[in-house]
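Peer 1: Below is a structure I'd like to ask you about.
Numbering (my numbering), first residue to last: 35 to 215.
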């Protein structure tokens, strides 16, 4: 689905949040690899599950055409610095919910970009009859979990020893959900 562009100014940084467009595919391909390499909070190691430009073009087109998917980017001028996706399911029994994921360049952390991507996504979900949003977050990512709680998400479960990180230790993943009546 495509939504109207929104403008933000947080701590002196002006940026827009808008639906991803086909022209963004090349930047998104590079951005995703960079974000994956900047933090262990993501599911992937840098370069894993690589999506090239044509792969992003297909994804953007499919999400734009779907009433249950939303692919957003945050841009500072013409530079994409973050993205998020809400992905629905074509199965009728799961048609009431979407799964949310987000990635923000480390250079832009603390500027409200992740928060505003999530708020834009929850507004979209609420106005389009989506009853539940889900997401997962690494147990050590306390700032993100706190933000999610503040925006109405609650912990639904814990996937114990779900991920192994570079220190060789296993970490749990929090499964969170937000319900809209």
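We put the beta carbon where it would ideally sit given N, CA and C, even for glycine. Model, not experiment: these values are computed from the prediction.
Taking all protein chains shown into account, do 16 or more other C-beta atoms lie within 10 angstroms of the C-beta of residue 201, making it buried, or fewer, making it exposed?
Peer 2: In the chain shown, the residue the question calls residue 201 occupies position 167. Its Cβ having fewer than 16 others within 10 Å, residue 201 is exposed.
Peer 1: Expressed to the nearest angstrom, what Euclidean distance is found between the alpha-carbon atoms of residue 153 and residue 53?
Peer 2: The residue given as residue 153 occupies position 119 in the chain shown. The residue given as residue 53 occupies position 19 in the chain shown. Whole-angstrom Cα-Cα distance: 14 Å.
Peer 1: At a cut of 8 Å, does the segment 63-71 reach the segment 163-177 through at least three beta carbon pairs?
Peer 2: At 8 Å Cβ cutoff, the stretches do not touch.
Peer 1: Could you round the C-beta distance between residue 35 and residue 118 to whole angstroms and report it? I think they count as a contact, below 8 Å.
Peer 2: Position 1 of the chain shown, counted from the start, is the residue given in the question as residue 35. Position 84 of the chain shown, counted from the start, is the residue given in the question as residue 118. Their Cβ separation, rounded to whole angstroms, is 13 Å, which puts residue 35 and residue 118 out of contact at 8 Å.
Peer 1: Along the chain, where does the beta strand (DSSP E) containing residue 90 start, and where does it finish?
Peer 2: Reading the chain shown from its first residue, position 56 is the one you call residue 90. Counting along the chain, residue 90 falls outside any beta strand (DSSP E), though it belongs to the alpha helix (DSSP H) covering 87-99.
Peer 1: Taking the straight line between their C-alpha atoms, what separation do you get for residue 149 and residue 177?
Peer 2: For the purposes of this step, residue 149 is identified with residue 115 of the chain shown, where counting begins at 1. For the purposes of this step, residue 177 is identified with residue 143 of the chain shown, where counting begins at 1. Approximately 11 Å between the Cα atoms of the pair.
Peer 1: Chain D beta carbons: is any one of them nearer than 7 Å to that of residue 78?
Peer 2: You won't find chain D in this structure, because it holds only one protein chain.
Peer 1: Just the Cα atoms here: how many angstroms apart are residue 172 and residue 193?
Peer 2: Residue numbering aside, residue 172 sits at position 138 when the chain shown is read from its first letter. Residue numbering aside, residue 193 sits at position 159 when the chain shown is read from its first letter. Rounded to the nearest angstrom, the two C-alpha atoms are 10 Å apart.
Peer 1: Ordered along the chain, which non-local residues of its own chain (more than five positions away) have a Cβ less than 8 Å from that of residue 81?
Peer 2: Here residue 81 is taken as the residue at index 47 of the chain shown, counted from 1. Closer than 8 Å at Cβ, skipping near neighbours: 67, 70 and 71.
Peer 1: Reducing DSSP to helix, strand and coil, say where residue 161 ends up.
Peer 2: By one-based count along the chain shown, residue 161 stands at place 127. Three-state DSSP puts residue 161 in a helix.
Peer 1: Name the DSSP beta bridge partners of residue 54, please?
Peer 2: Translated into positions along the chain shown, residue 54 becomes position 20. The partner list for residue 54 (beta bridge, DSSP) is empty, contrary to what the question assumes.
Peer 1: Residue 208: which of 48, 76 and 45 sits nearest, CA to CA?
Peer 2: Here residue 208 corresponds to residue number 174 of the chain shown, with the count starting at 1. The candidate whose alpha carbon is nearest that of residue 208 is 76.
Peer 1: Three or more beta-carbon pairs under 8 Å between the segment 40-53 and the segment 131-149, yes or no?
Peer 2: With the cut-off at 8 Å, the segment 40-53 and the segment 131-149 touch.
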